[in-house]
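Student: There's a structure below that I have some questions on.
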Amino acid sequence: MTENRDALIIGGGISGITVALELAQLGIPSTIIERESSIGGLAGSFCCKASEACNKCFACVVDKRIFEIQNRKEISILTQTEPVGFKDGDGGYSVTLKRGTKRFELNPSAIVIAVGIEPYDASQKVEYGYGRFKNVITAKDLDEMLRFKGKLFRPSDGEKPKTIAFFQCVGSRDESIGNLYCSQVCCAYALRLIKAIRYEHPGINITFFYMDIQPAGQSFHNLLDSCRRDRGIRFIRNLPSKVYYSPLHDTLRVRLIDSEKGEVLEETFDLIVLSVGMVIGKNKNSITKLFSLEFTEDGFLKKPSPEKGIFIAGACSGPKDIDRSIIHAKATAYEVEQYLKGKD
3 MTENRDALII GGGISGITVA LELAQLGIPS TIIERESSIG GLAGSFCCKA
53 SEACNKCFAC VVDKRIFEIQ NRKEISILTQ TEPVGFKDGD GGYSVTLKRG
103 TKRFELNPSA IVIAVGIEPY DASQKVEYGY GRFKNVITAK DLDEMLRFKG
153 KLFRPSDGEK PKTIAFFQCV GSRDESIGNL YCSQVCCAYA LRLIKAIRYE
203 HPGINITFFY MDIQPAGQSF HNLLDSCRRD RGIRFIRNLP SKVYYSPLHD
253 TLRVRLIDSE KGEVLEETFD LIVLSVGMVI GKNKNSITKL FSLEFTEDGF
303 LKKPSPEKGI FIAGACSGPK DIDRSIIHAK ATAYEVEQYL KGKD
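Residue 49 in the numbering used here sits at position 47 of the sequence shown, and the numbers go up by one each step.
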């Protein structure tokens with residue numbers, strides 16, 4: 003047996019948490035480091051999107067796993083910590099960590115990179131007015147509003163909106179910003195939010211603007227069919243070119259093309275929700291340089307050779323929802339176990 007048979011997991015989101023829990027069941031201890039003040043990552047801020055039934059958003063799974071990991075003795079968690087140095091030795095690795103002003107070293111036998119993703123910065127799409135118009139928000143903003151505020155409201159006046167527009171593909175499939183890939187999860191994410199809103203507020207009318215609808219998960223088609231049957235939800239295969247603010251009525255105007263008539267139309271909404279795509283985290287350059295990683299064509303982390311003992315887990319390897327991130331993380335934990343067995 004090797005003297006050290008443990009793993010360092012960089013990133014405390016659902017993927018990192020899942021890897022740690024899977025390794026613990028295999029008898030392999032691990033240390034999670036997370037640069038934020040708490041674990042859970044992006045998915046840790048998601049609300050439950052159940053309506054008349056569970057809509058398979060998996061937000062509750064994240065909460066359960068965060069609770070579960072706190073009680074596992076095989077797992078150490080270091081928040082507000084990040085790697086700043088790395089050396090590859092014959093017997094394992096030496097990773098220098100920084101926590102506040104303190105620096106210290108760990109010597110893991112395997113390293114898992116699970117740094118997750120970040121939502122695209124919607125303010126970069128200036129034509130939609132995010133950051134300038136209070137009632138233009140992102141789907142993440144809406145999710146956090148429902149979870150932490152417990153109600154739906156317009157940021158400008160606190161009133162419940164009567165009409166909401168969802169714009170898909172903000173930051174994805176967009177040649178003008180260089181993100182040609184589909185983030186894959188945005189359609190299902192938005193439709194689950196829409197379904198939950200319509201269940202709680204049947205008087206709100208919602209318009210779903212899209213290019214193409216990307217299926218995600220086994221239950222997606224049931225979700226989509228349910229939304230299409232709802233008369234309070236309109237599907238328009240067209241992405242508006244610009245959002246205009248009407249100060250007199252505190253509403254948002256949208257211009258779009260009627261694909262059937264070939265005419266330019268204008269509609270007014272109380273609230274606009276931007277479904278932003280996934281991009282790799284801001285710390286990608288430091289992580290890739292530190293561990294000599296490479297990027298895929300779409301800018302995500304490329305899987306290293308297994309013999310290196312460095313592994314990639316979750317959405318940082320490419321867009322994934324919670325469910326697929328968990329599946330990917332479980333597979334990664336198995337790869338780590340096989341690697342460590344080979345060192346015995």
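Where is the CB? At the ideal position from N, CA and C, for every residue including glycine.
Do residue 183 and residue 278 have their C-beta atoms closer together than 9 angstroms?
Tutor: no
Student: Taking just the CA atoms, how far does residue 280 sit from residue 322?
Tutor: 9 angstroms
Student: Would you report the Cα separation of residue 58 and residue 197, rounded to the nearest angstrom?
Tutor: So the alpha carbons of these two residues sit roughly 12 angstroms apart.
Student: For residue 37, does the count of other Cβ atoms within 10 angstroms reach 16, so buried, or fall short, so exposed?
Tutor: buried
Student: Using alpha carbons as the reference points, say which of 108, 224, 98 and 174 lies closest to residue 124.
Tutor: 174
Student: Any beta-carbon of chain C closer than 9 angstroms to the one on residue 90?
Tutor: Absence of chain C from the displayed structure is noted, only one protein chain being present.
Student: Rounded to whole angstroms, how far is the Cβ of residue 117 from the Cβ of residue 331, which I believe are closer than 8 angstroms?
Tutor: Wrong, their Cβ atoms sit about 13 angstroms apart, outside the cutoff.
Student: Check for me: the beta strand (DSSP E) holding residue 36 runs from which residue to which?
Tutor: Counting along the chain, the beta strand (DSSP E) containing residue 36 begins and ends at 32-36.
Student: Return helix, strand or coil for residue 237, following the three-state DSSP convention.
Tutor: In this structure, residue 237 counts as strand in the three-state DSSP scheme.
Student: Can you give the beta carbon distance from residue 242 to residue 225, rounded, assuming they're within the 8 angstroms contact cut?
Tutor: Not quite, the Cβ-Cβ distance comes to about 24 angstroms (not below 8 angstroms), so this is no contact.
Student: In chain order, what residues of the same chain lie with their CB nearer than 7 angstroms to the CB of residue 1, ignoring the 5 residues before and after it?
Tutor: Shown here, the chain extends from 3 to 346; a query on residue 1 therefore has no answer.
Student: Roughly how many angstroms lie between the CA atoms of residue 298 and residue 314, to the nearest whole one?
Tutor: 13 angstroms
Student: Near residue 164, which residues of its chain fall below 8 angstroms by C-beta distance, leaving aside the five closest residues on each side in sequence?
Tutor: Within the same chain, 205, 206, 207 and 272 come within 8 angstroms of residue 164 by CB-CB distance, once the 5 residues on both sides are set aside.
Student: Which whole-angstrom value describes the C-beta separation of residue 26 and residue 338, a residue pair presumed to lie in contact below a C-beta threshold of 8 angstroms?
Tutor: Not a contact, Cβ separation roughly 12 angstroms.
Student: Run the CB neighbour count on residue 86, radius 10 Å, all protein chains shown included, and call it buried at 16 or more, exposed below.
Tutor: exposed
Student: Indicate, with yes or no, if the ligand MN has a heavy atom lying under 8 angstroms from the CB of residue 72.
Tutor: No copy of the ligand MN appears in this structure; indeed no ligand is present at all.
Student: Locate the beta strand (DSSP E) running through residue 95, then write down its first and last residues.
Tutor: Bounds of the beta strand (DSSP E) holding residue 95 are 94-101.
Student: Name the one or two DSSP bridge partners that residue 174 has.
Tutor: Paired residue(s): none; residue 174 is not in a bridge.
Student: Determine the DSSP secondary structure at residue 19, reduced to helix, strand or coil.
Tutor: helix
Student: Rounded to the nearest angstrom, how far is the Cβ of residue 289 from that of residue 115, given a contact under 8 angstroms?
Tutor: 6 angstroms
Student: Going by Cα to Cα distance, which pick from 88, 83 and 112 is closest to residue 103?
Tutor: 83
Student: If you draw a straight line from the C-alpha of residue 334 to the C-alpha of residue 316, how long is it?
Tutor: 9 angstroms
Student: Between the C-alpha atoms of residue 211 and residue 181, what's the straight-line distance to the nearest angstrom?
Tutor: 19 angstroms
Student: Can you check which of these residues, 151, 248, 160 and 126, is closest to residue 176 by C-alpha distance?
Tutor: Considering only alpha carbons, the answer is 126.
Student: Please classify residue 78: does DSSP put it in a helix, a strand, or coil?
Tutor: When secondary structure is reduced to three states using DSSP, residue 78 falls in the strand class.
Student: How many angstroms separate the CA atom of residue 56 from the CA atom of residue 132?
Tutor: C-alpha separation (whole angstroms): 31 angstroms.
Student: Grouping DSSP H, G and I as helix and E and B as strand, with all else coil, what is residue 231?
Tutor: helix
Student: Should residue 250 and residue 138 be called a contact, given that it needs their Cβ atoms to be closer than 9 angstroms?
Tutor: no
Student: Only counting the same chain, and skipping five residues up and downstream in sequence, which positions put a Cβ closer than 6 angstroms to that of residue 328?
Tutor: The residues are 20.
Student: In three-state terms, what does DSSP make of residue 243?
Tutor: In this structure, DSSP gives residue 243 a state outside helix and strand, which the three-state scheme calls coil.
Student: Helix, strand or coil for residue 293, going by three-state DSSP, please let me know.
Tutor: helix
Student: Can you tell me which of the three DSSP states residue 53 falls into?
Tutor: coil
Student: Tell whether a beta-carbon distance below 9 angstroms holds between residue 254 and residue 270.
Tutor: yes
Student: What separation, rounded to the nearest whole angstrom, lies between the Cα atoms of residue 235 and residue 52?
Tutor: Answer to the nearest angstrom: the Cα atoms are 17 angstroms apart.
Student: For the stretch 245-328, list the beta strand (DSSP E) runs that are entirely contained and at least 3 residues long, ordered along the chain.
Tutor: 253-260, 265-271, 273-278, 280-282 and 312-314
Student: On the premise that residue 12 lies in contact with residue 357, defined as a C-beta separation below 8 angstroms, what is that separation, rounded to the nearest angstrom?
Tutor: Absent from the structure is residue 357, since the part of the chain shown begins at 3 and ends at 346.
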